[in-house]
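Data first, discussion second: the structure below is written as structure tokens.
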């Protein structure tokens, strides 16, 4: 596999041909594939406890389908303090989505891997487009993956200058477009960037 092939990168990063000078060397530029970098920047300047959100535009060099698009907006959340655990993560997600959708929403956590959290999860909500019966949006499963989550890895805290094992926290990120899919019962995320006026005029 060539060095610049997207299969070599977990996030299917878009690398740009343009380079920038950094000190005595040139470095490659990439479009951000997630908003997680905001966590590190915040932690370097603030001490716990804190709760932050960081929305932003993301780009991924990946195959598109009904729930994946190359350009999307992501919403990142980070909570750090004393004795934060997975129960707090799940409760916060369920509360947020239930308030946003004005109805009870079930959240399912599935084991996954992300470099900066341990344990890591993909999180899904029950499909609100079809009521869990199975449709194009949920690919017939009754669940829609909204994003990734996990407990912040202690190495991240150490890199931010915090003492190891002093704090715990969770992070999660999800796509705004997937929220809109559920809220307005849209079965294909690609419609948001299609430029199709028939779609846009509905709003």
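In this note's numbering, the protein residues as written are 1 to 203. Ideal Cβ placement from N, Cα and C applies to all residues, glycine included.
Member of the options whose CA lies at the smallest distance from the CA of residue i
{"i": "residue 117", "options": "29, 49, 162, 152", "result": "152"}
{"i": "residue 91", "options": "26, 179, 19, 172", "result": "172"}
{"i": "residue 30", "options": "61, 54, 38, 200", "result": "61"}
{"i": "residue 93", "options": "105, 83, 84", "result": "105"}
{"i": "residue 131", "options": "123, 103, 156", "result": "103"}
{"i": "residue 147", "options": "168, 188, 165, 179", "result": "179"}
Residue i, enclosing alpha helix (DSSP H) - first and last residue
{"i": "residue 57", "result": "Counting along the chain, residue 57 falls outside any alpha helix (DSSP H), though it belongs to the beta strand (DSSP E) covering 50–59."}
{"i": "residue 109", "result": "Careful: residue 109 lies outside any alpha helix (DSSP H), inside the beta strand (DSSP E) at 107–112."}
{"i": "residue 98", "result": "86–101"}
{"i": "residue 186", "result": "Neither: residue 186 is in no alpha helix (DSSP H) and is coded neither H nor E."}
{"i": "residue 44", "result": "37–45"}
{"i": "residue 164", "result": "Looking at the DSSP string, residue 164 is not in any alpha helix (DSSP H), and its letter there is neither H nor E."}
Buried/exposed call for residue i, threshold 16 Cβ in 10 Å
{"i": "residue 17", "result": "exposed"}
{"i": "residue 20", "result": "exposed"}
{"i": "residue 158", "result": "exposed"}
{"i": "residue 200", "result": "exposed"}
Residue(s) in a DSSP beta bridge with residue i
{"i": "residue 26", "result": "21"}
{"i": "residue 152", "result": "117"}
{"i": "residue 125", "result": "107, 144"}
Residue i: first and last residue of the uninterrupted beta strand (DSSP E) it sits in
{"i": "residue 78", "result": "71–81"}
{"i": "residue 171", "result": "168–175"}
CA-to-CA distance, residue j to residue i, given in whole angstroms
{"i": "residue 142", "j": "residue 23", "result": "52 Å"}
{"i": "residue 68", "j": "residue 190", "result": "8 Å"}
{"i": "residue 57", "j": "residue 109", "result": "24 Å"}
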